[in-house]
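**Student:** Residues 33 to 573 in the numbering used here are what the sequence shown lists, from first letter to last.
Glycine is no exception: its CB is placed at the ideal position from the N, C-alpha and C atoms.
Before I ask anything, let me first share the structure, which is written out below as structure tokens.
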Amino acid sequence: MKKKMLTRFVFLLIVLFVPVAVLTCSPSRQPIVPERSPVSFPESEEEHRVEEMHARVFKQLGGYKGPEACYACHQKEYEDVSHSYHVHQGRITKDGKIAHDPKDSVDIGMFNRWYSLSNTDRVKTPESQWRLMEAVYCSQCHPGGGVVKPFGMDVDCLICHQLSGYKGGKGVGKTPAGLDSEGYIVQSNGARMAELMMAGAKAGGDLQKLDLSEIAVKAMEGVELRVGKPTPDNCNFCHWKSDSKRGTHYGIHDGASTDVHYSEGMRCQECHVTTNHEIGKGQIVDNAGSPQLRGTMNSCTDCHGEEPHTGDDADDLDMHMETIACETCHIPKTSPGTKSVNWMLGMDMPKMMKLYKWMMPVARLMGMASPEKMTEQMDDMIGCYKTKNLAMFEPTYAWYNRNTICTDIPHPTGSIDDPESRITPFNIIEIALYDDGSTPEVVDNPNGHALGFPVPRTFVARAGGKGKRSTTLEEMRTYDGGRYKNAILRNTPQYFNLYHSIAPAKEALKCNDCHTTEGGRLDFAQLGYDADQIEDLMEER
């Protein structure tokens, strides 16, 4: 017995502290984690007054206990945010309104995006289970409410309005496990998922009886409550991890700002104009789930005008705006991010959960369950399915008409012959996944743009059994008595607009970055120009 316990203890130390090569799916280095930017966002006298007033109120209430602490004064705001896009994740009904129940939705919103498309199969999975999956995965960022409210996870006001570092409170889905090196609150997704899975097991598999508020961390005690208008730190609590959503980070890399607006101390909502808790959006290729919000944020020309350039080349540069998006010149490179995603890896779930069942309490007891370590180990055990661009990289360029709406897998809709189209920068992410084969358009063209119905990664992993190898097509089709007997493999490129990491004029692309015969930024032939046009365009300026 003593020998067995000693073996487990040694294994625990290895798992938590020693990098194990076999757990890494890719030989690539871990991406650089940028430090928090030193940019400050000073408060006005009015904002400071509001902050002090809220501090007194929370002191009287004994702290933040969930949205009921705010509701007494902010009923309208609570109703607004409860019906907002951020809560309902882009689902819409036939008449274009927000679908409060996914069954009423004609657009599955966030679920047709690569970062979450393989987590939930609402067609073949009992409702209690897919609601729990939404609670586990989506609430890592989304502010609760909506479809996860029945599980005790109501809207979390502090995710946007707490200014002194964030921790989840009672009834809140976010469960950070500690502080980073600078004292800011961080999430531990790995530890959090393990806790939720074990809680589900303790509920005897009856997930409808599981009240997630009972296992949410009551962590606001002793934390200074500073409530006010959101700063970029609040937005970045979720969107800093945007390489898990759009493939690149927003505005900050390696400890420094990569965006001229961020460097000037601008808040996100100065561009993303917010009305009734609906946060303004641009005309991006992948927001079909929120047509009512398209174009509701400030564009470049709203602030800088239709003729923004100055100097000797002003007229020529302004003329370029007829065919080239502002971002094409002003995002010469973007921050490191996701390059490809493989949703087909297997894992040994029973072994993983047995390990975590005894490892978690011991790790906590010994002070070894740091957020970083637990997240890293959970990611390794589930399957490392991403490859990264590890350095600043150049975008891909394509024609895009911002007035069009892409309702399938994100890709640019535009052409050289369309006067409303502009050459626009994108990040392309290559996706490998299994589809259930129930959509004729997908069967006819697996690598096309039709959405289809991806098989949830949990089922793909189980079908593959032990080991971190790709699940085969035969394993997928025979899994669970042929549950996915018509499964097909898809390899689809998905395009995501680049709008952050804006460079100032002195760092923007220069004429000869594109107009050159050697290694120019733009592939004019691929963009549809003929030979004579290309010869003229490649002439150095």
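(1) Between Ser502 and Phe485, what straight-line distance do the alpha-carbon atoms span, to the nearest angstrom?
(2) Mind checking if Glu567 is an interface residue toward chain C, Cβ cutoff 8 angstroms exclusive?
(3) CB-CB under 7 angstroms to Ser453, same chain, minus the five flanking residues each way: which ones, in chain order?
(4) In this structure, does DSSP put Leu465 in helix, strand or coil?
(5) Does the region 480-494 come into contact with the region 527-545, if we say contact requires no fewer than three beta-carbon pairs (one atom in each stretch) closer than 8 angstroms?
(6) What does the alpha-carbon distance come out to for the pair Thr290 and Met508?
(7) Residues bridged to Leu521 by DSSP?
(8) If you check the beta carbons only, do Lys371 and Ile461 fall under 8 angstroms apart?
(9) Return the bridge partner residues of Gln194 from the DSSP annotation.
(10) Exposed or buried, Pro472, counting other C-beta atoms within 10 Å across all chains shown (16 or more means buried)?
(11) Taking the alpha-carbon of Thr439 as reference, which of Met298, Phe90, Phe73, Val317 has the nearest alpha-carbon?
(12) Rounded to whole angstroms, how far is the Cβ of Phe425 from the Cβ of Leu530, which I believe are closer than 8 angstroms?
(13) Do you know how far the Cα of Gly369 is from the Cα of Thr280?
(14) By a C-beta neighbour count over all protein chains shown, 10 Å radius and 16 as the cutoff for buried, is Gly363 buried or exposed?
(15) Sort His481, Val292, His547 by Cα distance to Tyr527 and report the nearest one.
(16) Counting C-beta neighbours from all protein chains within 10 Å, is the total for Ser76 16 or more, i.e. buried, or is it exposed?
(17) Within 10 Å of its beta-carbon, does Cys270 have 16 or more other beta-carbons around it, so buried, or fewer, so exposed?
(18) Which residue's Cα is closest to the Cα of Gly260: Ser322, Cys192, Glu296?
(19) Over what stretch of residues does the beta strand (DSSP E) that includes Gly369 continue unbroken?
(20) Considering Cα atoms alone, identify which of Asn523, Thr428, Lys542, Asn435 is closest to Ile441.
(21) Do Leu190 and Tyr96 have their CB atoms nearer than 8 angstroms?
(22) Please determine, among Thr436, Cys267, His443, the residue with the shortest C-alpha to C-alpha distance to Tyr294.
(23) What does a CB cutoff of less than 6 angstroms around Tyr561 pick up in its chain, not counting 5 residues either side in sequence?
(24) Under 8 angstroms by Cβ, that's how I've got Asp188 and Gly178 pegged, so tell me the actual separation to the nearest angstrom.
(25) Do you know offhand how far Gly337's Cα is from Asn330's?
(26) Closer than 7 angstroms to a non-hydrogen atom of the ligand PLP - does that hold for the CB of Phe425?
(27) Quick one: which unbroken alpha helix (DSSP H) runs of 4-plus residues sit fully inside the region 263-351? Chain order, please.
(28) Return helix, strand or coil for Leu377, following the three-state DSSP convention.
(29) Please state whether DSSP places Phe556 in a helix, a strand or coil.
(30) Contact defined as beta carbons within less than 8 angstroms: I believe Glu339 pairs with Asp350. What is the distance between those atoms, to the nearest angstrom?
(31) Distance check for Asp186 and Ser213, CA to CA, integer angstroms please.
(32) Just the C-alpha distance for Glu79 and Gly297, rounded to the nearest angstrom, thanks.
(33) Assuming Ile437 and Gly469 are in contact, meaning their beta carbons sit under 8 angstroms apart, how far apart are those beta carbons, in whole angstroms?
(34) Measuring alpha carbon to alpha carbon, tell me which residue in Asp344, Tyr466, Arg515 is nearest Leu377.
(35) CA-CA distance, Arg258 and Val89?
(36) What residues are listed by DSSP as bridge partners for Ser502?
**Tutor:** With the given structure in hand:
(1) Residue mapping note: residue 502 aligns to position 470 of the sequence shown, counting from 1. Residue mapping note: residue 485 aligns to position 453 of the sequence shown, counting from 1. Each residue's alpha carbon lies about 19 angstroms from the other.
(2) Protein chain content of the structure displayed is limited to a single chain, and chain C is not contained in it.
(3) Stepping through the sequence shown from its first residue, residue 453 is reached at position 421. Taken in chain order, the residues that qualify are Trp431, Tyr432, Asn433, Gly446, Ser447.
(4) In the sequence shown, the residue the question calls residue 465 occupies position 433. Reduced to three states, the DSSP call for Leu465 is strand.
(5) no
(6) By 1-based counting over the sequence shown, the position of residue 290 is 258. By 1-based counting over the sequence shown, the position of residue 508 is 476. Going from the Cα of Thr290 to the Cα of Met508 covers about 43 angstroms.
(7) Your numbering for residue 521 matches position 489 in the sequence shown. In DSSP, Leu521 forms a bridge with Tyr466.
(8) The residue given as residue 371 occupies position 339 in the sequence shown. The residue given as residue 461 occupies position 429 in the sequence shown. In this structure, Ile461 lies closer than 8 angstroms to Lys371 by Cβ.
(9) Indexing the sequence shown from 1 puts residue 194 at position 162. DSSP, once it has assigned bridges, lists Val259 as partnering Gln194.
(10) Start at 1 with the first residue of the sequence shown, and residue 472 comes out as number 440. Exposed, since its Cβ has fewer than 16 Cβ neighbours within 10 Å.
(11) Looking up residue 439 in the sequence shown gives position 407. It is Val317.
(12) The residue labelled residue 425 in the question sits at position 393 within the sequence shown. The residue labelled residue 530 in the question sits at position 498 within the sequence shown. Contact flag wrong, Cβ pair sits at about 11 angstroms.
(13) The residue given as residue 280 occupies position 248 in the sequence shown. The residue given as residue 369 occupies position 337 in the sequence shown. Looking at the two C-alpha atoms, the distance is approximately 4 angstroms.
(14) Within the sequence shown, numbered from 1, the residue matching residue 363 stands at position 331. Note that residue 363 is Ile in the sequence shown here, rather than Gly. Ile363 is buried by the Cβ-count criterion.
(15) On the sequence shown, position 495 is the one that residue 527 refers to. Nearest option by C-alpha distance: His481.
(16) As a first step, residue 76 must be located in the sequence shown, where it is residue number 44. Exposed is the call here.
(17) Within the sequence shown, numbered from 1, the residue matching residue 270 stands at position 238. So Cys270 ends up on the buried side.
(18) By one-based count along the sequence shown, residue 260 stands at place 228. Closest option to Gly260, Cα to Cα, is Cys192.
(19) Here residue 369 corresponds to residue number 337 of the sequence shown, with the count starting at 1. From DSSP, the beta strand (DSSP E) with Gly369 extends over 369-374.
(20) On the sequence shown, residue 441 is found 409 positions in, with the first residue counted as 1. Nearest C-alpha to Ile441: Asn523.
(21) Looking up residue 190 in the sequence shown gives position 158. Looking up residue 96 in the sequence shown gives position 64. Cβ distance < 8 angstroms, so Leu190 and Tyr96 count as in contact.
(22) By one-based count along the sequence shown, residue 294 stands at place 262. The residue with the shortest Cα to Cα distance from Tyr294 is Cys267.
(23) Along the sequence shown, read from residue 1 onward, the residue named residue 561 stands at position 529. Closer than 6 angstroms at Cβ, skipping near neighbours: no residue.
(24) Translated into positions along the sequence shown, residue 188 becomes position 156. Translated into positions along the sequence shown, residue 178 becomes position 146. At roughly 12 angstroms, the Cβ-Cβ gap does not stay under 8 angstroms, so Asp188 and Gly178 are not in contact.
(25) Residue 337 sits at position 305 when you count from the first residue of the sequence shown. Residue 330 sits at position 298 when you count from the first residue of the sequence shown. Between Gly337 and Asn330, the C-alpha separation is close to 11 angstroms.
(26) This structure lacks the ligand PLP; in fact it carries no ligand of any kind.
(27) 264-271, 292-295, 332-336
(28) In the sequence shown, counting from the first residue as 1, residue 377 sits at position 345. Strand at Leu377.
(29) Position 524 of the sequence shown, counted from the start, is the residue given in the question as residue 556. In the structure shown, Phe556 sits in coil (DSSP, three-state: anything other than H, G, I, E or B).
(30) Residue numbering aside, residue 339 sits at position 307 when the sequence shown is read from its first letter. Residue numbering aside, residue 350 sits at position 318 when the sequence shown is read from its first letter. Right, their Cβ atoms sit about 5 angstroms apart.
(31) Indexing the sequence shown from 1 puts residue 213 at position 181. Indexing the sequence shown from 1 puts residue 186 at position 154. Because Ser213 carries a pLDDT of 40, less than 50, the predicted location of this residue cannot be relied on, and the following value inherits that uncertainty. Cα-Cα distance, rounded: 30 angstroms.
(32) As a working note, residue 79 is residue 47 in the sequence shown. As a working note, residue 297 is residue 265 in the sequence shown. Straight-line Cα distance between these residues: approximately 16 angstroms.
(33) Reading the sequence shown from its first residue, position 405 is the one you call residue 437. Reading the sequence shown from its first residue, position 437 is the one you call residue 469. The pair is not a contact, with the Cβ atoms about 27 angstroms apart (cut-off 8 angstroms).
(34) Translated into the one-based positions of the sequence shown, residue 377 becomes position 345. Ranking Asp344, Tyr466, Arg515 by Cα distance to Leu377 puts Tyr466 first.
(35) In the sequence shown, counting from the first residue as 1, residue 258 sits at position 226. In the sequence shown, counting from the first residue as 1, residue 89 sits at position 57. Distance between the alpha carbons of Arg258 and Val89: 11 angstroms.
(36) Indexing the sequence shown from 1 puts residue 502 at position 470. According to DSSP, which records beta bridges pairwise, Ser502 is partnered with Leu377.
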